[in-house]
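The opening residue of the sequence shown carries number 238 in my numbering; numbering runs sequentially from there.
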Amino acid sequence: MKQNMKMTSLAAAAFMASSTAFSAGEVEVLHWWTSGGEAASVNYLKDKLDGAGVSWSDFAVAGGGGENAMTVLKSRAISGNPPTAAQIKGPSIQEWGDLGFLADINGVAKDNNWDGLLPSVVSDVMKHNGNYVAAPVNVHRVNWLWSNPEVFRKSGATIPTTWDDFMVQAKKIQDAGYIALAHGGQDWQDATVFEAVVLGIGGPEYYQKAFVETDMDALNSDTTTAVFETFGKLRQFIDSNSPGRDWNVATSMVINGEAAMQIMGDWAKGEFKVAGKSVGTDYTCTAAPDTSGSFTFNVDSFAFFSQSDLGNQQAQKVMAKEILGSDFQEVFNLNKGSIPARLGMSRDKFDSCAHDSMDAFIASSQTGGLVPSFAHGMAVSSAVSGAIYDVATNFFNSDQSAAEGASQLVSAVKAAK
Ligand code: BGC
Numbered sequence: 238m239k240q241n242m243k244m245t246s247l248a249a250a251a252f253m254a255s256s257t258a259f260s261a262g263e264v265e266v267l268h269w270w271t272s273g274g275e276a277a278s279v280n281y282l283k284d285k286l287d288g289a290g291v292s293w294s295d296f297a298v299a300g301g302g303g304e305n306a307m308t309v310l311k312s313r314a315i316s317g318n319p320p321t322a323a324q325i326k327g328p329s330i331q332e333w334g335d336l337g338f339l340a341d342i343n344g345v346a347k348d349n350n351w352d353g354l355l356p357s358v359v360s361d362v363m364k365h366n367g368n369y370v371a372a373p374v375n376v377h378r379v380n381w382l383w384s385n386p387e388v389f390r391k392s393g394a395t396i397p398t399t400w401d402d403f404m405v406q407a408k409k410i411q412d413a414g415y416i417a418l419a420h421g422g423q424d425w426q427d428a429t430v431f432e433a434v435v436l437g438i439g440g441p442e443y444y445q446k447a448f449v450e451t452d453m454d455a456l457n458s459d460t461t462t463a464v465f466e467t468f469g470k471l472r473q474f475i476d477s478n479s480p481g482r483d484w485n486v487a488t489s490m491v492i493n494g495e496a497a498m499q500i501m502g503d504w505a506k507g508e509f510k511v512a513g514k515s516v517g518t519d520y521t522c523t524a525a526p527d528t529s530g531s532f533t534f535n536v537d538s539f540a541f542f543s544q545s546d547l548g549n550q551q552a553q554k555v556m557a558k559e560i561l562g563s564d565f566q567e568v569f570n571l572n573k574g575s576i577p578a579r580l581g582m583s584r585d586k587f588d589s590c591a592h593d594s595m596d597a598f599i600a601s602s603q604t605g606g607l608v609p610s611f612a613h614g615m616a617v618s619s620a621v622s623g624a625i626y627d628v629a630t631n632f633f634n635s636d637q638s639a640a641e642g643a644s645q646l647v648s649a650v651k652a653a654k
């Protein structure tokens with residue numbers, strides 16, 4: 238009996254040793270992908286890692302746009318216990334890199350030719366001091382208008398391509414008894430709509446100067462007042478239940494025909510897909526008014542935090558490698574609504590919205606119309622983007638005049654720079 242027990246525990250120990258040898262460690266991954274389309278996307282990453290022997294510890298913090306997730310990440314990092322990888326984007330990657338938190342994954346990037354696989358507008362953002370510290374999963378286009386064609390038909394309205402026409406069509410929709418613009422009253426959603434207005438009314442050159450370079454002359458101009466004028470006119474087209482509403486709930490209002498339109502990045506397409514809807518018949522995607530030649534880009538990426546455990550370091554490398562794999566880039570982006578970050582991928586399985594996005598990405602990069610999204614953390618420091626959020630949301634939720642909005646923006650950006 239004693240002998241048996243001894244053998245059993247030896248066998249168990251041997252089994253454990255061999256299973257440890259097979260496991261490539263664990264990744265604890267912080268993200269904010271909790272809607273239907275987002276969950277389907279992130280689950281594919283989890284499956285891929287599982288197949289590669291890496292176990293996944295999910296660290297999801299709900300809240301569109303990621304503000305809540307970033308707050309939680311800061312407190313974990315400050316207490317000396319950051320996750321293995323976190324969904325961090327744009328200039329924030331540099332901020333975390335400057336603080337010394339990030340791990341260098343140059344080895345994986347070199348072995349897999351990331352410099353050759355990624356457009357420089359993407360790879361530049363993934364590097365800190367010339368070393369890769371993050372891996373990109375996609376490219377989202379933010380300046381989209383999602384519409385329900387049946388609501389348009391029933392209202393005798395047509396999908397607007399200019400902001401002037403938007404006001405005319407939205408009025409017809411409202412008069413027919415529908416909500417013209419599905420919107421969630423959260424600061425990042427206000428900023429997303431504001432960004433579309435900035436791009437449409439000001440054009441990409443003004444956008445770049447005022448909202449990327451934070452040039453005070455560009456900000457302090459009549460164009461900024463004109464932007465706030467148009468932005469203010471949108472207040473009348475949203476419903477009184479919008480405060481606090483999540484973005485995917487707003488998308489569902491377009492899906493179920495309660496509302497005609499939503500201005501949102503193409504993660505909204507993930508929700509149409511989960512609801513079993515088809516592009517062209519059940520919904521349409523067109524560029525936000527007056528922005529058809531432009532593209533506000535938003536690249537989701539995972540930054541890797543320095544780890545002392547060798548197994549976890551290895552797991553990070555596996556995760557980085559899987560993310561740039563062509564199968565992952567295809568399936569993830571089919572679910573997420575975005576387009577692959579990796580160049581040279583087949584377009585066959587993607588729908589017409591994704592094709593439009595791919596074409597617009599290339600065309601706008603040649604005309605100067607390709608600009609980083611300030612509403613999604615791609616353009617300016619977190620301090621400046623926070624200032625823009627505050628001004629946009631205060632304006633949209635008050636009866637401030639366009640001149641007041643513009644002057645508050647100038648002061649807030651100046652103070653935050
Ligand atoms: C992210 C998307 C996400 C969206 C809504 C954006 O900032 O880039 O991946 O789906 O927020 O949560």
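Glycine included, each C-beta is placed from N, C-alpha and C at the ideal position.
No experiment lies behind these values; they were computed from the predicted model shown.
Q: State the start and end residues of the unbroken beta strand (DSSP E) segment that holds residue 299.
A: On the sequence shown, residue 299 is found 62 positions in, with the first residue counted as 1. First-last for residue 299: undefined, no H or E at that position.
Q.
Please classify residue 652 as buried or exposed, where buried requires at least 16 other C-beta atoms within 10 Å of its C-beta.
A. Within the sequence shown, the letter at position 415 stands for residue 652. Label assigned to residue 652: exposed.
Q. Roughly how many whole angstroms lie between the Cα atoms of residue 588 and residue 502?
A. As a first step, residue 588 must be located in the sequence shown, where it is residue number 351. As a first step, residue 502 must be located in the sequence shown, where it is residue number 265. Their Cα atoms are separated by approximately 16 Å.
Q. Would the C-beta of residue 582 count as close to the ligand GDP, meaning under 7 Å from any of its heavy atoms?
A. The model on display carries the ligand BGC but not the ligand GDP.
Q. Could you give the distance in angstroms between the alpha-carbon of residue 366 and the alpha-carbon of residue 262?
A. Position 129 of the sequence shown holds residue 366. Position 25 of the sequence shown holds residue 262. If I take the Cα positions, the gap works out to 28 Å.
Q.
Spatial neighbours of residue 346 within its chain, please: C-beta separation below 6 Å, excluding the five flanking residues on both sides.
A. Residue numbering aside, residue 346 sits at position 109 when the sequence shown is read from its first letter. Closer than 6 Å at the Cβ level, and outside the excluded window around residue 346, lie 369.
Q) Considering only C-alpha positions, which residue in the set 290, 630, 445 is nearest to residue 608? A) Translated into positions along the sequence shown, residue 608 becomes position 371. Ranking 290, 630, 445 by Cα distance to residue 608 puts 445 first.
Q) Under the three-state reduction of DSSP, which class applies to residue 635: helix, strand or coil? A) As a working mapping, residue 635 is identified with position 398 in the sequence shown. Looking at residue 635 - three-state DSSP - the assignment turns out to be coil, as it is neither helix nor strand.
(Q) Is residue 383 near the ligand BGC - that is, is its Cβ less than 7 Å away from at least one heavy atom of it? (A) Sequence index remark: in the sequence shown, residue 383 carries index 146 (1-based). No, the ligand BGC has no heavy atom inside 7 Å of this Cβ.
Q. Is there at least one non-hydrogen atom of the ligand BGC closer than 7 Å to the beta-carbon of residue 301?
A. As a first step, residue 301 must be located in the sequence shown, where it is residue number 64. True, at least one ligand heavy atom lies under 7 Å from that Cβ.
Q: Name, in chain order, the residues that DSSP records as bridge partners for residue 377.
A: Locating residue 377 in the sequence shown gives position 140, counting from the first residue. BP columns for residue 377 point to 535.
Q) Could you give the distance in angstroms between the alpha-carbon of residue 292 and the alpha-carbon of residue 285? A) As a working mapping, residue 292 is identified with position 55 in the sequence shown. As a working mapping, residue 285 is identified with position 48 in the sequence shown. Between residue 292 and residue 285, the C-alpha separation is close to 10 Å.
Q. So is residue 506 buried or exposed if we call it buried at 16+ other beta carbons inside 10 Å?
A. As a position in the sequence shown, residue 506 is number 269, starting the count at 1. Its Cβ being crowded by 16 or more others within 10 Å, residue 506 is buried.
**Q.** Member of 315, 496, 578 whose CA lies at the smallest distance from the CA of residue 408
**A.** The residue given as residue 408 occupies position 171 in the sequence shown. When only C-alpha atoms are compared, the closest one is 496.
Q: State yes or no: is the C-beta of residue 575 within less than 8 Å of the C-beta of residue 380?
A: Position 338 of the sequence shown, counted from the start, is the residue given in the question as residue 575. Position 143 of the sequence shown, counted from the start, is the residue given in the question as residue 380. Going by C-beta atoms, residue 575 is not nearer than 8 Å to residue 380.
Q: Give the single residue among 465, 416, 579, 398 whose Cα lies nearest to the Cα of residue 559.
A: Your numbering for residue 559 matches position 322 in the sequence shown. Checked all of 465, 416, 579, 398; the closest Cα to residue 559 is 579.
Q.
What does the alpha-carbon distance come out to for the pair residue 442 and residue 460?
A. Residue numbering aside, residue 442 sits at position 205 when the sequence shown is read from its first letter. Residue numbering aside, residue 460 sits at position 223 when the sequence shown is read from its first letter. As the crow flies, the alpha-carbon of residue 442 is around 12 Å from that of residue 460.
Q.
Let me check you understand the geometry: is the CB of residue 275 closer than 7 Å to at least one non-hydrogen atom of the ligand BGC?
A. For the purposes of this step, residue 275 is taken as the residue at position 38 of the sequence shown. Checking the Cβ of residue 275 against the ligand BGC gives yes.
(Q) Quick check: is any heavy atom of the ligand BGC less than 7 Å from the C-beta of residue 537? (A) By one-based count along the sequence shown, residue 537 stands at place 300. Yes, the beta carbon of residue 537 sits closer than 7 Å to at least one heavy atom of the ligand BGC.
Q) CA-CA distance, residue 563 and residue 493? A) Residue mapping note: residue 563 aligns to position 326 of the sequence shown, counting from 1. Residue mapping note: residue 493 aligns to position 256 of the sequence shown, counting from 1. Cα to Cα, residue 563 sits roughly 34 Å from residue 493.
Q.
Any heavy atom of the ligand BGC closer than 7 Å to the beta-carbon of residue 420?
A. Looking up residue 420 in the sequence shown gives position 183. No, the ligand BGC has no heavy atom inside 7 Å of this Cβ.
(Q) So for residue 443, helix, strand or coil by DSSP? (A) As a working mapping, residue 443 is identified with position 206 in the sequence shown. Three-state DSSP puts residue 443 in a helix.
Q) When the Cα atoms are used, what is the spatial distance from residue 335 to residue 602? A) On the sequence shown, position 98 is the one that residue 335 refers to. On the sequence shown, position 365 is the one that residue 602 refers to. Using only the alpha carbons, I get a separation of about 29 Å.
Q. For residue 427, which residues from the same chain have a beta carbon less than 7 Å from its beta carbon, with the 5 sequence-adjacent residues on both sides left out?
A. Residue 427 sits at position 190 when you count from the first residue of the sequence shown. Excluding residues within five positions, the ones whose Cβ falls inside 7 Å are 629, 630, 633.
(Q) Please tell me whether residue 382 and residue 577 are closer than 8 Å, where the distance is taken between their beta carbons. (A) Here residue 382 refers to the residue found at position 145 when the sequence shown is read from its first residue. Here residue 577 refers to the residue found at position 340 when the sequence shown is read from its first residue. It is not a contact, given that the beta carbons lie outside the stated cut-off.
Q. Using the beta-carbon count (16 or more within 10 Å), is residue 420 buried or exposed?
A. Counting from 1 along the sequence shown, the entry for residue 420 is found at position 183. Burial call: buried.
Q. Where does residue 503 fall in DSSP's three states?
A. As a working mapping, residue 503 is identified with position 266 in the sequence shown. Coil.
Q. Are at least three pairs of beta-carbons, each pair with one atom in the region 325-340 and one in the region 535-547, less than 8 Å apart?
A. Result yes; three or more Cβ-Cβ pairs closer than 8 Å.
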